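**Q** For what it's worth, the numbering used here labels the leading residue of the sequence shown as 18, then goes sequentially.
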Amino acid sequence: MAARFVLAVAMLAAAGGPGLASQKLAIFPIDMSMPKSEEDFFKGVTGPTEAEQTRLAMAEAELRKRLGDDKRYELIDMTPIKDEIAAVRPIYECNGCEIDIAAKAKADLAMTSVVEKISETHLSLTVAIVDVAQSKLVSNASVLIQGNTDESWLHGVRWLVKNRLMAKEDTK
Numbered sequence: 018m019a020a021r022f023v024l025a026v027a028m029l030a031a032a033g034g035p036g037l038a039s040q041k042l043a044i045f046p047i048d049m050s051m052p053k054s055e056e057d058f059f060k061g062v063t064g065p066t067e068a069e070q071t072r073l074a075m076a077e078a079e080l081r082k083r084l085g086d087d088k089r090y091e092l093i094d095m096t097p098i099k100d101e102i103a104a105v106r107p108i109y110e111c112n113g114c115e116i117d118i119a120a121k122a123k124a125d126l127a128m129t130s131v132v133e134k135i136s137e138t139h140l141s142l143t144v145a146i147v148d149v150a151q152s153k154l155v156s157n158a159s160v161l162i163q164g165n166t167d168e169s170w171l172h173g174v175r176w177l178v179k180n181r182l183m184a185k186e187d188t189k
């Protein structure tokens, strides 16, 4: 009898248990902040290059894959509201609109991300996760990406997820 109880407790713990249900996570597209120069005053700020736009989509897909593989989160399909999201981009400048959009998508958490292009070879990826019901920052993490290549962007995303977003809290 005791062996069955221990087995049942072990199975609940392995499955996450009733108290550890996954939270619904709305992942917004990754935006990119470009450096401004004197030249921009005359011609306007240029956006991400075609290669960088591809990397933004690739980085978002990698974030989704890595976070979707973890049982802590249930990823929300944002496709039905993609036009609404596109209308308010860049998200980091929308003054908190991601909370209302995530609530509409019935998400518990909203994740926003921005790549800041510091120079042609140095970029910074920052990810923020906000509790939708409380409008409260739950997690904030960033990583420096050295090199503007597919490989360096993927390395940065993977490192950020593994070492910051999914890292076990130190219980010392």
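Every residue gets a Cβ at the ideal spot worked out from N, C-alpha and C, and that includes glycine. Since the model is a prediction, treat every value here as computed from it, not as a measurement.
Return the CA-CA distance between residue 115 and residue 93, expressed in angstroms with no decimal places.
**A** Linking residue 115 to residue 93 through their CA atoms gives a straight-line distance of about 14 Å.
**Q** Considering only their Cβ atoms, is the gap separating residue 142 from residue 174 smaller than 8 Å?
**A** yes
**Q** Taking only three categories from DSSP, how would you classify residue 118?
**A** helix
**Q** Just to confirm the assignment, what range does the beta strand (DSSP E) spanning residue 144 have?
**A** 139-148
**Q** How many Å lie between residue 65 and residue 97 at the Cα?
**A** 25 Å
**Q** Using only the alpha-carbon positions, how far apart do residue 75 and residue 171 sit?
**A** 8 Å
**Q** Distance check for residue 95 and residue 105, CA to CA, integer angstroms please.
**A** 14 Å
**Q** Give every residue of the same chain whose Cβ lies closer than 7 Å to the Cβ of residue 176, excluding the five residues on either side of it in the sequence, and list them in chain order.
**A** 160
**Q** Report the CB separation of residue 132 from residue 49 in whole angstroms; it is logged as a contact under 8 Å.
**A** 5 Å
**Q** Ordered along the chain, which non-local residues of its own chain (more than five positions away) have a Cβ less than 6 Å from that of residue 109?
**A** 48, 131
**Q** Among all the DSSP beta bridges, which residues are the ones paired with residue 162?
**A** Looking at the DSSP output, residue 162 sits in a beta bridge with 140.
**Q** Mind checking whether residue 144 and residue 126 have CB atoms under 8 Å apart?
**A** Note that the C-beta distance between residue 144 and residue 126 is not below 8 Å.
**Q** Whole-angstrom Cβ separation of residue 43 and residue 119, contact assumed at under 8 Å?
**A** 4 Å
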